[in-house]
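Undergrad:
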Amino acid sequence: METNTSDKRRWLAFAVLLVGAFLPPLDFFIVNVALPSMQADLRTSAAELQMVISGYAGAYAVFLITGGRLGDIFGRRKIFLLGITGFGLTSLLCGLASSPEMLIAGRVLQGLSAAAMAPQGLASIHALFPEHERSRALGFYAAAVGLAAVVAQALGGALISADLFHLEWRIIFLINLPVVAAVLIGGLPLLPDARGDRPAPVDLVGVLLCALTLGLLIVPLVEGREMGWPGWALAMLAACPAAGYGFWRYEMAYARRGGVPLVSVDLVRTPGLMSGLGGVLFFYVISAFFLVFSVYLQSALGLDPLETGLVFLPFGIGFFIGPLTTPLAIRVFGRWVAVMGMVLEVVGCVWLAVLVADAPGQMPAHLPLIIAIGLLGFGQGWALPTLVRSVIDRAPASGSGMIAGITNSALQISAALGVAIFGGVFFTVAGPSPDPRSMATALVAAMLGLAASLTIAAILSIVAARATIRMAAYPAAGAPPA
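For the sequence shown, position 455 (counting from the first letter as 1) is numbered 555 according to my numbering, and the numbering increases by one without interruption.
(1) Since V385 and G518 are thought to touch, with beta carbons under 8 Å apart, how far apart are those beta carbons, to the nearest angstrom?
(2) Should E285 be labelled buried (16 or more other beta-carbon atoms within 10 Å of its own) or exposed?
(3) Check whether the segment 358-375 and the segment 507-518 touch, using three or more Cβ-Cβ pairs below 8 Å as the test.
(4) So is F265 buried or exposed if we call it buried at 16+ other beta carbons inside 10 Å?
(5) If you run the structure through DSSP and keep just helix, strand and coil, what is M101?
(6) Take G523 and list the residues in its own chain whose beta-carbon comes closer than 7 Å to its own, dropping the five residues that flank it on each side.
(7) Keeping to the same chain, check which residues put their C-beta closer than 7 Å to that of P125; ignore five residues upstream and five downstream.
(8) Looking only at C-alpha atoms, which of G306, P330, G372, S399 sits nearest to Y354?
(9) For V116, I'd like the list of residues in its chain whose CB is within less than 7 Å of its CB, leaving aside the five on either flank, ordered along the chain.
(10) Once DSSP output is grouped into helix, strand and coil, what is the label at W482?
(11) Between D127, S553, A457, which lies nearest to A542 when the distance is taken from Cα to Cα?
(12) Would you mind reading off the limits of the alpha helix (DSSP H) that contains W86?
(13) I'd like to confirm something about G120: is its beta-carbon nearer than 7 Å to some heavy atom of the ligand SAM, or not?
(14) What are the boundary residues of the alpha helix (DSSP H) that includes E233?
(15) With 16 as the cutoff for other CB atoms within 10 Å, does E445 come out buried or exposed?
(16) In chain order, what residues of the same chain lie with their CB nearer than 7 Å to the CB of L164, ignoring the 5 residues before and after it?
(17) Using beta-carbon positions only, say whether L238 and L142 come within less than 8 Å of one another.
(18) Locate the alpha helix (DSSP H) running through D172, then write down its first and last residues.
(19) Per the contact definition of three or more C-beta pairs closer than 8 Å, is the segment 470-488 in contact with the segment 437-451?
(20) Beta-carbon within less than 6 Å of G474's beta-carbon, same chain only, minus the 5 sequence neighbours each way: which residues are those?
(21) Going by C-alpha to C-alpha distance, which of A254, V525, G549, L550 sits closest to M539?
(22) Output needed for A254: all residues of its chain with C-beta closer than 8 Å, excluding positions within five of it in sequence on either side, in chain order.
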């Protein structure tokens with residue numbers, strides 16, 4: 101169901117939906133600066149602290165596809181409102197937690213609620229905006245997601261340092277309540293009831309098989325490194341391809357029987373879609389930058405959480421400016437904006453590596469550091485919205501929620517892979533007894549690895565762009581005749 105794209109309220113409606121895109125990554129990153137306070141208050145073990153993070157991340161990533169598909173079936177307005185209401189209630193549960201077990205349970209439920217509300221904003225772009233406005237809308241969407249990661253670092257440190265109402269770490273969860281209340285009171289009349297044009301029963305077996313496949317991948321990625329890669333984590337990773345194959349076979353059989361599967365078999369065969377999703381997987385590993393650079397700033401240079409958050413400020417500024425200039429960049433570079441953005445990010449990664457290598461264990465010169473971090477943010481601000489659009493533009497209205505869920509899930513899997521791989525590189529190179537010099541070497545290795553991954557993402561983005569060009573030239577076949 102398409103809404104009236106001439107409606108001047110569509111930007112206000114989209115702003116409400118962007119809250120649902122902003123809150124999930126904010127609550128993922130903001131917890132990092134609160135872990136010491138949580139540990140002291142609740143007497144949590146290291147494993148329980150890890151579950152506070154991974155329980156949320158796992159539930160969120162595993163059920164994003166399902167959340168997007170539910171929006172297609174039952175209406176994105178209804179699923180968004182259910183999701184954000186649940187997010188508010190579970191934030192209250194986390195803020196009132198009196199034991200590690202209660203906090204972990206609250207975080208898992210919070211991740212499930214986030215999975216319901218997050219895909220609805222991205223899926224609604226087709227319904228809310230005409231073609232010429234979608235680039236700007238995607239720019240704002242990318243800015244909301246990216247800025248949440250940056251804002252979380254400084255906001256978490258500031259809230260805990262201020263110790264508002266003597267709530268200590270609890271304030272990082274309770275601060276969500278007025279935001280959720282404002283959305284429910286002021287946003288309810290603005291949201292359109294858009295949905296897919298082929299409502300169908302929920303593919304329950306597909307949901308379970310999809311959750312199993314993603315769970316076998318996500319859980320060991322977020323838990324394995326912290327626990328030294330135990331046998332169960334390696335076994336889960338080994339079982340993931342078989343579960344994925346079983347899920348895919350079931351979806352094909354379900355479609356042949358006339359059902360509407362969780363993941364459309366025909367849609368994922370669209371030319372360029374898989375290379376676009378592959379680009380997303382290699383692209384969003386940049387999320388590991390926040391982990392490794394934050395650890396370096398605090399452990400090697402001795403900065404506190406608030407000072408660390410301020411160092412990331414150029415990234416946030418660059419990320420905010422980048423999406424706003426994306427429509428102009430599209431007019432100049434056409435379909436290659438995502439590639440240009442990733443090139444800027446590669447330059448930023450290499451530049452930061454050089455700065456750290458030149459002054460190991462010391463704060464680099466301020467202006468070059470600001471430029472390097474700003475390039476990372478600006479490049480991501482260009483690349484993320486255009487890369488995401490190269491994926492979701494291939495979906496019809498009936499599948500936009502599904503594609504939004506898949507894209508969001510790919511972003512979360514990429515982030516988990518980035519932390520597992522490049523976080524592992526960082527801590528391995530730093531060694532069991534790291535000093536500032538060894539940590540500088542570790543950061544250089546991680547940044548060069550991130551640069552290599554972004555280069556692969558750029559190549560896959562070129563492949564996806566060429567597929568789009570072929571589809572435009574030969575719309576019937578999606579490719580030139582033999």
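Backbone N, C-alpha and C fix where the C-beta goes; we use that ideal spot for every residue, glycine too.
All of these numbers come straight from a predicted model, not from anything done at the bench.
TA: Inspection of the coordinates gives the following:
(1) Counting from 1 along the sequence shown, the entry for residue 385 is found at position 285. Counting from 1 along the sequence shown, the entry for residue 518 is found at position 418. 3 Å between Cβ atoms; contact.
(2) In the sequence shown, counting from the first residue as 1, residue 285 sits at position 185. The identity of residue 285 in the sequence shown is Ile, whereas the question assumes Glu. I285 comes out exposed.
(3) no
(4) The residue labelled residue 265 in the question sits at position 165 within the sequence shown. The residue in question, F265, is exposed, as its Cβ has fewer than 16 Cβ neighbours within 10 Å.
(5) On the sequence shown, residue 101 is found 1 positions in, with the first residue counted as 1. In this prediction, M101 scores a pLDDT of 42, lower than 50, which makes its location untrustworthy; no coordinate-derived value is stated.
(6) Working through the sequence shown from its first residue, we reach residue 523 at position 423. Same-chain partners within the cutoff: R325, A388, L391, V392.
(7) Along the sequence shown, one-based indexing puts residue 125 at 25. Closer than 7 Å at the Cβ level, and outside the excluded window around P125, lie V245, A248, A249.
(8) Residue 354 sits at position 254 when you count from the first residue of the sequence shown. Nearest C-alpha to Y354: G306.
(9) On the sequence shown, position 16 is the one that residue 116 refers to. Cβ within range, chain order: V283, G287, L290, L291.
(10) The residue you call residue 482 lines up with position 382 of the sequence shown. Looking at W482 - three-state DSSP - the assignment turns out to be helix.
(11) Here residue 542 refers to the residue found at position 442 of the sequence shown. With distances taken between Cα atoms, A542 lies closest to A457.
(12) Residue 86 lies beyond the stretch modelled for the chain, which goes from 101 to 582, so this question has no answer here.
(13) Ligands are entirely absent from the displayed structure, and the ligand SAM is therefore not among its contents.
(14) Here the question's residue 233 lines up with position 133 in the sequence shown. Neither: E233 is in no alpha helix (DSSP H) and is coded neither H nor E.
(15) Looking up residue 445 in the sequence shown gives position 345. Its Cβ being crowded by 16 or more others within 10 Å, E445 is buried.
(16) Numbered from its first residue, the sequence shown carries residue 164 at position 64. So the qualifying residues of the chain are A215, A218, P219, G505, N508, S509, Q512.
(17) As a working note, residue 238 is residue 138 in the sequence shown. As a working note, residue 142 is residue 42 in the sequence shown. No, the pair does not count as a contact, with Cβ atoms beyond the cut-off.
(18) Within the sequence shown, residue 172 is the residue found at index 72, counting from 1. Run containing D172: 164-174, per the alpha helix (DSSP H) assignment.
(19) yes
(20) In the sequence shown, counting from the first residue as 1, residue 474 sits at position 374. P414, G418.
(21) The residue you call residue 539 lines up with position 439 of the sequence shown. Among A254, V525, G549, L550, the Cα nearest to that of M539 is on V525.
(22) Here residue 254 refers to the residue found at position 154 of the sequence shown. Taken in chain order, the residues that qualify are L406, G409, L410, F412, L413.
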